[in-house]
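Numbering (our numbering), first residue to last: 22 to 241.
Glycine is no exception: its CB is placed at the ideal position from the N, C-alpha and C atoms.
These notes are about the structure you will find just below.
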């Protein structure tokens, strides 16, 4: 099912972009039966959560941004699609619950800042010097979030090291693979950090395109 449109996006809330659409395409290939329970980590506008709920799944969406939570609630009301939308840290808000599918489009843009932003729109993309501050937390938390046979679908940049994600998930007992790839032009954030990315060895001279990957892991 395609992403539902049009969607409201309050100022500072991440709008659906190439990574959102790549993850939505990966989700469309999953068997999402009407009784399925889905978790979306970092829902933003709620686009992916609404897409899953539109297929009949029971969906919980979580975001650390109040603006994103309000945005997703507005979009759910306007679309007439039921969603449970929670504010806060995904691990704390979902403790003790397991899901058939976990979707994640986490912050993954490498940043000179060693900590996650505490506020502002950069919370949607900045993720530390290697872009993995949130990706690694999801890898660690995934086994407790998935039911037997459950699937994690997570998108991030190849700059973050997909092989590291596959290794961490395998070590956590979740066999994983790269399920989809796409190359997209650099956006303004990467362009503004070109010199720093090159010094870090994360980008080559004259590089203009970023590879996105969807990682698919399945609980045994």
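Pull up the distance between the alpha-carbon of residue i and that of residue j, whole angstroms please.
i           : j           : result
residue 22  : residue 76  : With a pLDDT of 49 at residue 22, under the threshold of 50, the modelled position of this residue cannot be trusted, and the question is left open.
residue 39  : residue 179 : 14 Å
residue 232 : residue 183 : 10 Å
residue 47  : residue 216 : 33 Å
residue 228 : residue 101 : 43 Å
residue 71  : residue 82  : 9 Å
residue 74  : residue 53  : 10 Å
residue 156 : residue 125 : 9 Å
residue 65  : residue 85  : 9 Å
residue 28  : residue 188 : 36 Å
residue 177 : residue 223 : 14 Å
residue 153 : residue 181 : 6 Å
residue 132 : residue 110 : 21 Å
residue 230 : residue 134 : 23 Å
residue 207 : residue 106 : 31 Å
residue 166 : residue 99  : 29 Å
residue 175 : residue 160 : 10 Å
residue 211 : residue 226 : 13 Å
residue 203 : residue 197 : 18 Å
residue 37  : residue 213 : 21 Å
residue 51  : residue 209 : 32 Å
Which two residues bound the contiguous alpha helix (DSSP H) that contains residue i?
i           : result
residue 160 : 154-166
residue 57  : That residue, residue 57, is in no alpha helix (DSSP H); it is neither H nor E in DSSP.
residue 184 : 183-192
residue 105 : Looking at the DSSP string, residue 105 is not in any alpha helix (DSSP H); the run it does join, the beta strand (DSSP E), is 105-108.
residue 90  : 87-100
residue 42  : 39-49
residue 221 : Segment: none, residue 221 is in no alpha helix (DSSP H) and carries neither H nor E.
I'd like to know whether the C-beta atoms of residue i and residue j end up nearer to each other than 8 Å.
i           : j           : result
residue 148 : residue 130 : yes
residue 173 : residue 137 : no
residue 122 : residue 171 : yes
residue 205 : residue 234 : no
residue 90  : residue 108 : yes
residue 68  : residue 41  : yes
residue 94  : residue 33  : no
residue 150 : residue 221 : yes
residue 140 : residue 128 : no
residue 193 : residue 169 : no
Measure from the alpha carbon of residue i to the alpha carbon of each residue in the options, then state which is nearest.
i           : options           : result
residue 238 : 217, 162, 145, 79 : 162
residue 30  : 126, 78, 97, 55   : 97
residue 241 : 55, 191, 210, 50  : 191
residue 44  : 218, 201, 223     : 201
residue 158 : 186, 133, 69, 220 : 186
residue 55  : 49, 36, 78        : 78
residue 35  : 103, 142, 50      : 142
Please report the residue range of the beta strand (DSSP E) in which residue i lies.
i           : result
residue 206 : 197-206
residue 226 : Element bounds for residue 226: n/a, residue is neither H nor E.
residue 125 : 120-125
residue 29  : Neither: residue 29 is in no beta strand (DSSP E) and is coded neither H nor E.
residue 81  : 79-84
Is residue i near the ligand GDP, going by C-beta to nearest heavy atom under 7 Å?
i          : result
residue 79 : With respect to small molecules bound, the structure shown includes none, and the ligand GDP cannot be examined in it.
Would you be able to state if there are at least three C-beta pairs under 8 Å between the stretch 102-120 and the stretch 52-65?
-> Using a Cβ-Cβ distance cut-off of 8 Å, the stretch 52-65 and the stretch 102-120 are in contact, since at least three pairs of beta carbons, one from each stretch, lie closer than that value.
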